[in-house]
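*Asks:* Quick one: the structure is below, and I'll ask about it shortly.
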Amino acid sequence: MSHVSDCQPTTEPSMTTDVAARKPILVGANPGVQLFDSSGDCTAYGSCWRVDWSTHGSGDVVVLWQPERVVAVGSDSELSLWLAESFVRYFPELEGLEWPGVEYRQSPARVQVDLATGAVARAGDIDIYIDGVLDRRCFSTDEFQLGPTTSSLQLVLGPCARASISVRDRRTPGHVRLGGTEDRPSSSAFTADAEVWSQ
């Protein structure tokens, strides 16, 4: 499932000095979708970023992982590569999968987030659609591991029933994986908003 959908909110966060001293490094939204083939192998993972503010600038970026490549598409190379290398490569969705060198493509990106309906992202020749919101819930943790760095993360999550990834108008094979319970559904496709990463 997604890197947040199967995690329980932190009910009693650690109040250590390190956690208390953390400062925001990114504010925005990060919907995403992971697709699987019939044997359960990951065929693609799309991470869509609407960065309202960060230590590396602001703007929209799409990072697309496929078995043979990783592409980061956005107007700003510093922001796009930072998101790919410092965040996406460490997400649990990609654990155990190959991480080729990131190819940066400079192109306008547009990520639209709606907790009522889902999310839409367009970046260069990549189109990502996420819809059918199943639930909305808050998520918070002070123990999100990004490589050697432990980060705090809070957001509003909406697991979704459907999603697709297309490249050059060709739909990427694979399907969304659903799970959880009726009261707490989970999905490998999700919209998200009000997202704050702190370190």
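Going left to right, the sequence shown walks through residues 19 to 217 as the working numbering numbers them.
Where a beta carbon is used, it is the ideal one built from N, C-alpha and C, also for glycine.
1) Within 10 angstroms of the Cβ of residue 177, are there 16 or more other Cβ atoms? Answer buried if so, exposed if not.
2) Relative to the C-alpha of residue 144, which candidate in 124, 36, 41 has its C-alpha closest?
3) For residue 140, which three-state DSSP category applies?
4) Suppose the cutoff is 6 Å on Cβ atoms and the five residues either side in sequence are ignored; what does the same chain contact list for residue 214 look like?
5) Return the CA-CA distance between residue 47 and residue 67, expressed in angstroms with no decimal places.
6) Which same chain residues end up closer than 8 Å to residue 133 when comparing Cβ atoms and leaving out the 5 residues on each side of it in sequence?
7) To the nearest angstrom, how far is the alpha carbon of residue 160 from that of residue 182?
8) Closest to residue 74 by CA distance: which of 105, 142, 198 is it?
9) Who pairs with residue 211 in a beta bridge, going by DSSP?
10) Taking 7 Å as the limit between beta carbons, can you name the residues of its chain near residue 120, skipping five residues before and five after?
11) Just to confirm my understanding: we take residue 109, look at its own chain, exclude 5 residues before and 5 after, and list those with CB closer than 6 Å. What are they?
12) From residue 199 to residue 179, what does the alpha carbon distance come to, in whole angstroms?
13) Look up residue 198 in the DSSP assignment and give the residues it is bridged to.
14) Would residue 78 and residue 127 be called neighbours here (beta carbons separated by less than 8 Å)?
15) Looking only at its chain, what residues have a beta carbon closer than 8 Å to the beta carbon of residue 203, apart from the 5 residues adjacent to it on each side?
16) Between which two residues does the beta strand (DSSP E) holding residue 78 run?
17) Using 10 angstroms around the beta-carbon of residue 30, count the other beta-carbons present and answer buried if the total reaches 16, otherwise exposed.
18) So residue 217 and residue 169 are supposed to be a Cβ contact under 8 Å. How far apart are they, rounded?
19) Look at the Cβ atom of residue 194, then the Cβ atom of residue 51, and state whether they are nearer than 8 Å.
20) Could you tell me which of 53, 162, 135, 141 sits nearest to residue 149, measuring between CA atoms?
21) Please go through the segment 82-124 and give each complete beta strand (DSSP E) segment of 3 or more residues, from N-terminal end onward.
*Replies:* Taking the geometry as given:
1) buried
2) 124
3) Three-state result, residue 140: strand.
4) 42, 45, 172
5) 6 Å
6) 151, 154, 174, 176, 209, 211
7) Spanning the two alpha carbons is a distance of roughly 31 Å.
8) For the residues 105, 142, 198, the minimum Cα distance to residue 74 belongs to 105.
9) 174
10) Result list for residue 120: 88, 90, 99, 102, 103, in chain order.
11) Excluding five sequence positions before and after residue 109, the CB atoms of its chain that fall closer than 6 Å to its own CB belong to 21, given in chain order.
12) 13 Å
13) In the DSSP secondary-structure assignment, residue 198 is bridged to 203.
14) Residue 78 places its beta carbon less than 8 Å from that of residue 127.
15) 152, 153, 177, 196, 197
16) Judged by DSSP secondary structure, residue 78 falls within the beta strand (DSSP E) whose first and last residues are 77-84.
17) The pLDDT assigned to residue 30 is 40, lower than 50, so where the model puts this residue is not dependable; a value taken from the coordinates is nonetheless given after this. Label assigned to residue 30: exposed.
18) 5 Å
19) yes
20) 135
21) 87-92, 120-124
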